[in-house]
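Engineer:
This is the structure in C-alpha cells:
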C-alpha cells in the first residue's frame, strides 16, 4: 500500500510518502490510523485530532470507515480552504 502525506502531516511524520504492507487486521482508514499510531509516536501526533484530517483512497475523497486494501493509495491531508 502506498501512503502519501501532505502539508503539516508530512512535516510531523517526516516523510511525504511510503510503501507499507497492510496487516490483515487493518480493513479501514480508521484501522490504519490506529495501527500506524501504535507503530510510531510521530503518527500518533499527526493523527491525534482526526477532525483536522481529510483522506483519499485512490484519489477519491473518503471517510474513516471506508474499506482499504494493499492495492490502494491512501492520502492524508489537511482540510482545503478556498478564497
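In my numbering, the protein residues as written are -14 to 68. Heads up, the beta-carbon is just placed ideally off N, CA and C, and yes, glycines get one too.
Less than 8 Å separating the beta-carbons of residue 31 and residue -2?
Structural biologist: Less than 8 Å separates the beta-carbon of residue 31 from that of residue -2.
Engineer: Evaluate residue 60 with the Cβ neighbour count: other Cβ atoms within 10 Å of its Cβ, from every protein chain shown; 16 or more gives buried, anything less gives exposed.
Structural biologist: buried
Engineer: Assuming contact is defined by CB atoms lying nearer than 8 Å, are residue 25 and residue 42 in contact in what I supplied?
Structural biologist: no
Engineer: Drop a sphere of 10 angstroms on the beta-carbon of residue 21, count the other beta-carbons inside from all chains shown, and report buried for 16 or more, exposed for fewer.
Structural biologist: Burial state of residue 21 is buried, judged by a 10 Å Cβ sphere holding 16 or more other Cβ atoms.
Engineer: Is residue 58 close to chain B? Criterion is C-beta to C-beta, closer than 8 Å.
Structural biologist: No chain B is part of this structure, which consists of one protein chain only.
Engineer: Report yes if the C-beta distance between residue 40 and residue 14 is below 8 Å; otherwise report no.
Structural biologist: With contacts defined as CB atoms closer than 8 Å, residue 40 and residue 14 qualify as a contacting pair.
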